[in-house]
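Participant:
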Amino acid sequence: MHLVPQVILLSALLGSSASSATCLAPQRPFVPSDPVAAVEYADLIRQDFEDYIRDIQRYFQCLDGERARAFKEARAVSQDYGAFLRDVVSD
Numbered sequence: 049m050h051l052v053p054q055v056i057l058l059s060a061l062l063g064s065s066a067s068s069a070t071c072l073a074p075q076r077p078f079v080p081s082d083p084v085a086a087v088e089y090a091d092l093i094r095q096d097f098e099d100y101i102r103d104i105q106r107y108f109q110c111l112d113g114e115r116a117r118a119f120k121e122a123r124a125v126s127q128d129y130g131a132f133l134r135d136v137v138s139d
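Shown next as structure tokens:
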């Protein structure tokens, strides 16, 4: 039985993408075009903007974390590939 197809299959099934973050951008706040409605719902609209600002900051933090994780993973994969190539060449 060949080990390489099993390793490829296992990598596909258990890929590191399962551990990657899903960073979802928040929706933009809605501001009604009707000035009367905007005044009437000013408190809700203000809260939507404040929630958006909080959520967009979290989104940026998530993206930064995912970027760092992806670079770390890419470095490890590169090292694994180098080791693999050394093993193949030495066989």
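In our numbering, the protein residues as written are 49 to 139.
For each residue, glycine too, the CB sits at the ideal point set by N, CA and C.
1) Measuring CA to CA, which of 122, 76, 116 and 130 is closest to residue 95?
2) What does a CB cutoff of less than 6 angstroms around residue 134 pick up in its chain, not counting 5 residues either side in sequence?
3) Are the Cβ atoms of residue 85 and residue 110 separated by less than 7 angstroms?
4) Does DSSP classify residue 129 as helix, strand or coil?
5) Apart from the five residues just before and just after residue 103, which ones in its own chain have a Cβ nearer than 7 angstroms to its Cβ?
6) How many angstroms separate the CA atom of residue 81 from the CA atom of residue 116?
7) Suppose you measure from the CA of residue 126 to the CA of residue 99; what does that come to, to the nearest Å?
Facilitator: Let me spell this out:
1) Residue 76 is the option with its Cα nearest to residue 95.
2) Within the same chain, residue 134 has no close Cβ partners at all.
3) Against a cut-off of 7 angstroms, the Cβ pair of residue 110 and residue 85 comes out as no contact.
4) Looking at residue 129 - three-state DSSP - the assignment turns out to be helix.
5) Around residue 103: 74.
6) Those two C-alpha atoms are separated by around 41 angstroms.
7) Each residue's CA atom was taken as its position, placing residue 126 and residue 99 some 40 angstroms apart.
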